[in-house]
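Structure first, commentary second.
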Amino acid sequence: RGDMATRYAAYQVGIQNGIVSPNDVRRKEDLDPYDGGNDYFMASNIGRIKDLNNNNDGK
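Numbering (the numbering used here), first residue to last: 1037 to 1095.
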């Protein structure tokens, strides 16, 4: 199962990359879910490389 620091570091990566929801993590840690905890998250600065020019008006 791993130590707490290792698990929480993995959970952080999973949540930040939309792999798991906060409530998924809470369930694994035997914690109660919370309202809104089933949402998935991803950093807003991540995009496809081929889409970069779309933000520059084609320049």
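The C-beta atom is built at its ideal place from N, Cα and C for all residues, glycine as well.
{"Item": "Where G1038 and Y1070 are concerned, what is the direct C-alpha to C-alpha distance, given to the nearest angstrom?", "Value": "24 Å"}
{"Item": "Look up N1053 in the DSSP assignment and say whether it is helix, strand or coil.", "Value": "strand"}
{"Item": "Kindly indicate which residue of N1074, D1060, G1054, G1073 has the alpha-carbon position closest to the one of S1080.", "Value": "G1054"}
{"Item": "Within the continuous alpha helix (DSSP H) that includes R1063, where are the two ends?", "Value": "1058-1064"}
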